[in-house]
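Chemist: Pasting in a structure now, in structure tokens, and then I'll have a few things to ask.
There are 2 protein chains.
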Amino acid sequence: MADASFSLLTGNSIETRLVRAGGVIFREGEQANELFVIKSGYVRIQVGNKTMADLAPDTIFGEMALIDNEPRSATATALTDVELVPVSEKQFLFLVSQTPHFALKVMRTLAQRLRTMNKGVY
Amino acid sequence: MADASFSLLTGNSIETRLVRAGGVIFREGEQANELFVIKSGYVRIQVGNKTMADLAPDTIFGEMALIDNEPRSATATALTDVELVPVSEKQFLFLVSQTPHFALKVMRTLAQRLRTMNKGVY
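Residue numbers (the UniProt record's numbering), protein chains in the order written: chain U, 1 to 122; chain V, 1 to 122.
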């Protein structure tokens, strides 16, 4: 599978945000101004009561609302204690414009989620 | 909603491909080396027997297999006579690297499809 790791964004010198297990990172319907890279721990993504994905370190989440300027499409909670690297909308647009590999990785993340969901329709 | 039109890629001087109503553009499981912009007509995207989307002019499809190098995740058929602009993998990577707006538009297309699918789980 194509590389979709964002480990380059979670270096030691970057400011992180800690969320304890069970804590809500964002809720469906909220306005958004940042996405997150998981530095350590696991994050659950839910729409209503349905679990859409459990995400591991070096993956991103929360990118959809930045991409299309709509409210959060899902709720994200910490499954374990998690360490997150927040990426602002401004930083996101800079990364997309300056580093094509970043843009492709974001696309791969979205494409993989669509494939996972497509498989659910059989 | 954020602009996700690809009309800039369907100018008059560009070579197009015509598919008659009912014709198959690609099938689920096939290897992929191009995506398409719809210049005129409507295209249906199906996974198995389920219709995932009916797409209008100035939208793209077939981008997922180029992004993650996996086989086609869905079947695309012409609902009406359609005129398509094929974009090769090489052209796609060039557009992503040289034009950040193109990358963002592809991301918006993927994000909108994920939102549409998320809504189906309630």
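We treat Cβ as the ideally placed atom computed from N, Cα and C, and that holds for glycine. These numbers come from a predicted model, not from an experiment.
Round the Cβ separation of phenylalanine 92 of chain V and leucine 110 of chain V to the nearest angstrom and send it over; I've been treating them as touching at under 8 angstroms.
Modeler: In the second sequence, residue 92 of chain V corresponds to position 92, counting from 1. In the second sequence, residue 110 of chain V corresponds to position 110, counting from 1. Not confirmed; about 14 angstroms, so no contact.
Chemist: Would you mind stating whether glutamate 34 of chain V and proline 100 of chain V have Cβ atoms separated by less than 8 angstroms?
Modeler: Within the second sequence, residue 34 of chain V is the residue found at index 34, counting from 1. Within the second sequence, residue 100 of chain V is the residue found at index 100, counting from 1. No, the pair does not count as a contact, with Cβ atoms beyond the cut-off.
Chemist: Can phenylalanine 6 of chain V and lysine 105 of chain V be called in contact, C-beta distance under 8 angstroms?
Modeler: By one-based count along the second sequence, residue 6 of chain V stands at place 6. By one-based count along the second sequence, residue 105 of chain V stands at place 105. Cβ atoms of phenylalanine 6 of chain V and lysine 105 of chain V: closer than 8 angstroms.
Chemist: Which residues in the same chain have their Cβ closer than 6 angstroms to the Cβ of serine 88 of chain V, if we skip the five residues on either side of it in sequence?
Modeler: By one-based count along the second sequence, residue 88 of chain V stands at place 88. Here the set comprises Glu34.
Chemist: For arginine 20 of chain V, which option in V:Thr59, V:Met107, V:Gly41 and V:Ala32 has the closest C-alpha, if you only look at C-alpha atoms?
Modeler: Taking the first residue of the second sequence as 1, we reach residue 20 of chain V at position 20. With distances taken between Cα atoms, arginine 20 of chain V lies closest to V:Gly41.
Chemist: Judging by CA-CA distance, which residue of V:Gly29, V:Lys50, V:Ala74 and V:Asn49 is the nearest neighbour of phenylalanine 61 of chain V?
Modeler: Your numbering for residue 61 of chain V matches position 61 in the second sequence. Considering only alpha carbons, the answer is V:Ala74.
Chemist: Is it right to say arginine 54 of chain U is buried, meaning 16 or more other beta carbons lie within 10 angstroms of its own, or is it exposed?
Modeler: Along the first sequence, one-based indexing puts residue 54 of chain U at 54. Per the sequence shown, the amino acid found at residue 54 of chain U is aspartate instead of arginine. When all chains shown are included, aspartate 54 of chain U counts as exposed.
Chemist: How many angstroms separate the CA atom of threonine 51 of chain U from the CA atom of glutamate 15 of chain V?
Modeler: In the first sequence, the residue the question calls residue 51 of chain U occupies position 51. In the second sequence, the residue the question calls residue 15 of chain V occupies position 15. If you take the alpha carbons of threonine 51 of chain U and glutamate 15 of chain V, they lie about 44 angstroms apart.
Chemist: Along the chain, where does the alpha helix (DSSP H) containing alanine 32 of chain U start, and where does it finish?
Modeler: Here the question's residue 32 of chain U lines up with position 32 in the first sequence. Unbroken run through alanine 32 of chain U: none, as it is neither H nor E.
Chemist: Kindly list the residues whose CB is nearer than 7 angstroms to the CB of glycine 23 of chain V, restricted to its own chain and excluding five residues on each side of it in sequence; keep chain order.
Modeler: Here residue 23 of chain V corresponds to residue number 23 of the second sequence, with the count starting at 1. Same-chain partners within the cutoff: Thr77 and Ala78.
Chemist: Strictly below 9 angstroms CB to CB, what residues from chain V border leucine 55 of chain U?
Modeler: Position 55 of the first sequence, counted from the start, is the residue given in the question as residue 55 of chain U. Chain V residues near leucine 55 of chain U: none, gap ~14 angstroms exceeds 9 angstroms.
Chemist: Might you give, ordered along the chain, the residues of its own chain that have their beta carbon closer than 8 angstroms to the beta carbon of glycine 29 of chain V, omitting 5 neighbours on each side?
Modeler: To locate residue 29 of chain V, count along the second sequence from 1; it is residue 29. Result list for glycine 29 of chain V: Pro71 and Arg72, in chain order.
Chemist: Measure the alpha-carbon distance for glutamate 63 of chain U versus methionine 107 of chain U and round it to whole angstroms.
Modeler: Within the first sequence, the letter at position 63 stands for residue 63 of chain U. Within the first sequence, the letter at position 107 stands for residue 107 of chain U. Cα to Cα, the separation comes out at about 10 angstroms.
Chemist: Does the Cβ-Cβ distance between lysine 39 of chain V and leucine 95 of chain V come in under 8 angstroms?
Modeler: Here residue 39 of chain V refers to the residue found at position 39 of the second sequence. Here residue 95 of chain V refers to the residue found at position 95 of the second sequence. The answer is no: Cβ separation not under 8 angstroms.
Chemist: So that I know if they touch, is there some Cβ in chain U lying closer than 8 angstroms to that of alanine 76 of chain V?
Modeler: What you label residue 76 of chain V is simply residue 76 of the second sequence in a count that begins at 1. No, because no Cβ of chain U sits closer than 8 angstroms to the Cβ of alanine 76 of chain V.
Chemist: Only counting the same chain, and skipping five residues up and downstream in sequence, which positions put a Cβ closer than 6 angstroms to that of aspartate 81 of chain V?
Modeler: Taking the first residue of the second sequence as position 1, residue 81 of chain V is located at position 81. Excluding sequence neighbours, aspartate 81 of chain V sits near Arg20, Ala21 and Gly41.
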